[in-house]
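Before any comments, here is the structure.
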Amino acid sequence: MKKFFALLLVLALCSCAFADGEKLKDTDQLKTERLAAQRGTVGQLIAEDLLGDKKAELLTTYEKYVDAVAALRQGKIRAVIMDEMPAKRFVNEVDGLAIMEKPLTEESYAIGFKKGNTELVSQVNKILSEMKADGTLAAIMAKYIDGDYSSVKPADIDFNKGAKGGKLYVGTEAGFAPYELKIGNGFIGIDVEMCAHIAKKLGKELAIINMNFDSLPTAVSTGKVDMICAGITVTDERKENMDFSDNYVTGAKQVALIRADDYEK
Amino acid sequence: MLWIVGAFLLYLLWESGFFTAEAWSDFNRRFYQNFVKDDRYMMLVDGLNSTLFMTAGATVIGVVVGLILSVIRVAYKGGVHIPILNKFAEMYITVLRGTPAMVQLLIWNFTIFASARDLNTQYIAILAFGLNSGAYVAEIFRGGIESIDPGQMEAARSLGLTYGSSMRHVILPQALRNVVPMLFNEFIALLKETSIAGYIGIDDLTRAGQNIQALTLEHSQPLVMVAIIYLIMVMVLSKLVKKLEQWLSRGRR
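Each protein sequence line maps, in turn, to chains A and B. Each residue of the first sequence is one higher than the last, beginning at 376 in my numbering. Each residue of the second sequence is one higher than the last, beginning at 153 in my numbering.
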């Protein structure tokens with residue numbers, strides 16, 4: 376038994392010593408590297424495309440971004456495929472990380488609905504186009520993307536409490552700043568403020584239901600929530616299973632988050 | 153053996169600069185970020201509340217369901233003619249013990265209670281955990297009752313007691329003594345099992361730690377803190393079980 380553990384220890388030490396050869400220069404190199412993504416996100420789809428038939432061997436999916444980034448820092452994986460905005464936050468707040476300059480894809484975000492819920496989709500689309508036209512949406516984006524949103528408090532967002540029209544249930548995964556983030560008992564973020572505005576226009580109170588990202592499609596198709604809003608990328612595959620609103624973000628880059636010392640620009 | 157491992161770990165920590173002043177100030181800074189700033193520890197306190205609430209609720213449901221099921225099964229074996237109820241109890245125990253608690257939780261939330269939106273999700277979790285626990289508790293009770301020598305029942309019946317009152321006055325008091333420690337262990341397991349409640353969107357203790365992770369982007373500290381809180385609760389409960397066991401076996405040699 377002791378010998379077994381000793382062997383295990385030696386193997387573990389060896390694997391530390393012989394990690395990684397060549398540094399990463401180009402995103403093409405990622406095709407043969409160990410990658411990670413948050414489960415159910417478009418990052419996972421992109422990683423699967425990159426790796427092809429090697430995905431079973433090389434792709435690890437995690438429930439939370441924090442887990443994926445921890446694995447990255449420990450050298451268990453070579454890159455995390457994720458949205459640029461949250462990736463930037465990791466680079467700013469965690470030591471030793473970098474984003475590969477060349478983005479993998481550019482995506483659009485939209486709100487997801489149960490397949491066939493056309494009434495709500497058209498109502499939300501109307502409100503979204505109004506928000507785009509009168510600058511409300513741009514103002515919300517500017518608050519988070521250009522400025523420092525650490526001063527935004529959940530209490531500042533008007534959830535339209537006690538509205539006569541009932542509640543608008545919105546599913547999200549609040550670990551995706553600046554789009555949604557849980558602070559104390561409340562939520563902040565671009566999606567949250569946008570949904571608060573939509574709920575108000577619908578005469579409803581906003582109820583945020585915080586769940587895992589890969590549970591969101593189930594939640595909206597079973598009717599647990601009215602819509603899901605979590606920086607959700609529109610893909611053809613997803614369109615088969617749910618309806619989407621018009622895009623509210625376009626050109627959202629998907630990038631590879633890697634270790635800074637592993638990057639050769 | 154243990155102290156060699158301990159010494160080796162200490163050496164590794166020392167080597168990696170764990171005991172330097174910088175490491176400590178870094179530790180303190182991260183500790184402040186994770187738990188002190190903006191009263192973030194309150195997220196853990198709220199999570200703990202939720203965990204305890206779910207455990208307590210599920211415990212109550214578990215005991216009631218378990219008791220009913222075990223009574224059905226034991227009574228059927230003892231000659232009371234309730235074949236349909238007994239079959240139901242058997243199936244219940246097979247299904248709920250034969251599937252993972254997490255799968256059950258997801259089915260309760262997304263399939264059975266799909267349209268219940270105004271209902272507090274915690275109640276769904278309590279129901280799911282409680283009914284799951286009930287299946288285990290039933291087997292614990294049944295084992296406890298069957299551990300009593302059948303001679304006891306025969307003696308009671310021959311003294312003219314009915315089946316029901318020999319159960320109540322002779323068998324159950326003795327069975328209880330064997331059952332209570334196992335029952336408490338089941339609830340300690342339940343306390344830890346509620347950590348999967350995050351999957352249906354409940355901010356329990358584990359999920360609260362993950363929420364702090366998402367806020368501060370720091371991985372280890374919130375999780376270790378959550379682990380310590382669970383460990384303290386389990387240790388306190390285990391101590392209580394020990395005490396209870398001693399109290400129950402008083403007068404026994």
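C-beta: ideal position from N, C-alpha, C; glycine also.
What three-state label does DSSP hand residue i in the structure shown?
i	result
B:F119	The requested residue 119 of chain B does not occur in the structure, where chain B is confined to residues 153 to 405.
A:F551	strand
A:V630	strand
A:V624	strand
A:M602	strand
B:K189	helix
A:T608	strand
B:G312	coil
B:L271	coil
B:V378	helix
B:L219	helix
A:L556	strand
B:V232	coil
B:G403	coil
B:L392	helix
B:G353	coil
How should residue i be labelled, buried or exposed, when 16 other C-beta atoms within 10 angstroms of its C-beta is the threshold for buried?
i	result
B:V376	exposed
A:M617	buried
A:M457	buried
B:V157	exposed
A:Q629	buried
A:A392	Only weak support is given to the placement of A:A392: the predicted model assigns it a pLDDT of 49, under 50, and the question is left unresolved by the model.
B:L383	exposed
A:H572	buried
B:I264	exposed
A:K451	exposed
A:K557	buried
A:G564	buried
B:S222	buried
B:M319	buried
B:A360	buried
B:R402	exposed
B:N261	buried
B:V247	exposed
A:G487	buried
Taking just the CA atoms, how far does residue j sit from residue i?
i	j	result
B:M153	B:G218	43 angstroms
A:I633	A:V455	7 angstroms
B:E370	A:V444	10 angstroms
B:I276	B:N238	26 angstroms
B:F179	B:V188	13 angstroms
A:Q413	A:Q419	7 angstroms
A:E482	A:F551	16 angstroms
A:N560	A:Q449	31 angstroms
A:E615	B:T172	56 angstroms
B:A210	B:R192	28 angstroms
A:K362	A:A508	Examination of residue 362 of chain A is not possible in this model, given that chain A is present from 376 through 640 alone.
A:S590	A:T435	18 angstroms
A:A530	A:G606	22 angstroms
A:I583	A:G546	6 angstroms
A:D636	A:K463	17 angstroms
B:K391	B:V332	14 angstroms
B:G286	B:V215	6 angstroms
A:K446	A:A431	Contrary to the premise, residue 446 of chain A reads as Ala rather than Lys in this sequence. Approximately 17 angstroms between the Cα atoms of the pair.
B:D198	B:S317	46 angstroms
Quick one: give me the first and last residue of the alpha helix (DSSP H) that residue i is part of.
i	result
B:K344	324-345
B:L258	253-259
B:R320	Counting along the chain, B:R320 falls outside any alpha helix (DSSP H), and DSSP gives it neither H nor E.
A:G537	No alpha helix (DSSP H) holds A:G537; DSSP gives it neither H nor E.
B:L369	Unbroken run through B:L369: none, as it is neither H nor E.
B:D178	173-183
B:I156	154-167
For the beta strand (DSSP E) holding residue i, just list the boundary residues, first then last.
i	result
A:V618	First, the amino acid is wrong: residue 618 of chain A is Asp here, not Val. First-last of the beta strand (DSSP E) with A:D618: 617-619.
Length at least 4, wholly inside the stretch 448-529 of chain A: the alpha helix (DSSP H) runs in chain order:
Given a length threshold of 4 residues, each whole run of the alpha helix (DSSP H) inside the stretch 448-529 of chain A is given here in chain order: 459-468, 493-508, 511-520.
Residues of the stretch 367-384 of chain B with Cβ closer than 7 angstroms to any Cβ of chain D, in chain order
The chain inventory of the structure shown lacks chain D, comprising the protein chains A and B.
Note down, one range per segment and in chain order, each beta strand (DSSP E) of at least 3 residues found wholly within the stretch 558-596 of chain A.
Correct list: 561-563, 580-585.
Contained beta strand (DSSP E) runs [length at least 3] in the stretch 389-443 of chain A, N- to C-terminal order:
List check, beta strand (DSSP E) in window: 410-413, 434-437.
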